[in-house]
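A.B. asks: After the structure tokens below, expect a handful of questions from me.
Numbering (our numbering), first residue to last: 218 to 394.
This is the structure in structure tokens:
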């Protein structure tokens, strides 16, 4: 990038230095226009006009026109290369942002998948614990109450985990689209 920028800055500096040329060309063009006006006036007055001098002025005008065209071509080329450089840099920046987003998305997806895997493991363990909690086999009412409470908490936790997995699953599916 820096090299391209430096190159374009050098071209801009050259065009700025050419500003003196522009002034010189403008002065030449103005002088030629004034001379043409004089020749035109002389023709209307039917004064003798030096054809050779008119031809030289015409050649000078062509030379001025060629200088203007060359400077214009330089300007167009610089403008085009600047636009191309800006577009290229813009696309590269977009690519870098896209890569960053994809990397972050990958990390997030890995964490979500880890969460879902652990949630499944917890649900499996809860399923193994819940049937083994038989309230009737305990004679002590306090134990029965505690076991019943634990059983309810296991069911509650199981439901909560499943309820949390549903929106996460929807988000994961949407992120893959």
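Even glycine gets a Cβ: it sits at the ideal position worked out from N, Cα and C.
Whole angstroms are fine: how far does the CA of residue 234 sit from the CA of residue 248?
C.D. replies: Spanning the two alpha carbons is a distance of roughly 22 Å.
A.B. asks: So what does DSSP say about residue 345, is it helix, strand or coil?
C.D. replies: Correct three-state label for residue 345: helix.
A.B. asks: Taking residue 212 as the reference, give the member of 230, 275, 262 and 265 with the closest Cα.
C.D. replies: Here the chain comprises residues numbered 218 to 394, so residue 212 is not present and cannot be evaluated.
A.B. asks: Given 8 Å as the limit, is there contact between the stretch 327 to 341 and the stretch 368 to 381, that is, 3 or more CB pairs closer than that?
C.D. replies: Touching, per the Cβ criterion.
A.B. asks: Can you tell which of 243, 292, 313 and 334 has its C-alpha closest to the C-alpha of residue 385?
C.D. replies: Per the Cα distances, 334.
A.B. asks: In the structure shown, what three-state DSSP assignment does residue 267 receive?
C.D. replies: Residue state, collapsed to three classes: coil.
A.B. asks: Mapping the DSSP letters down to three states, classify residue 356 as helix, strand or coil.
C.D. replies: Coil.
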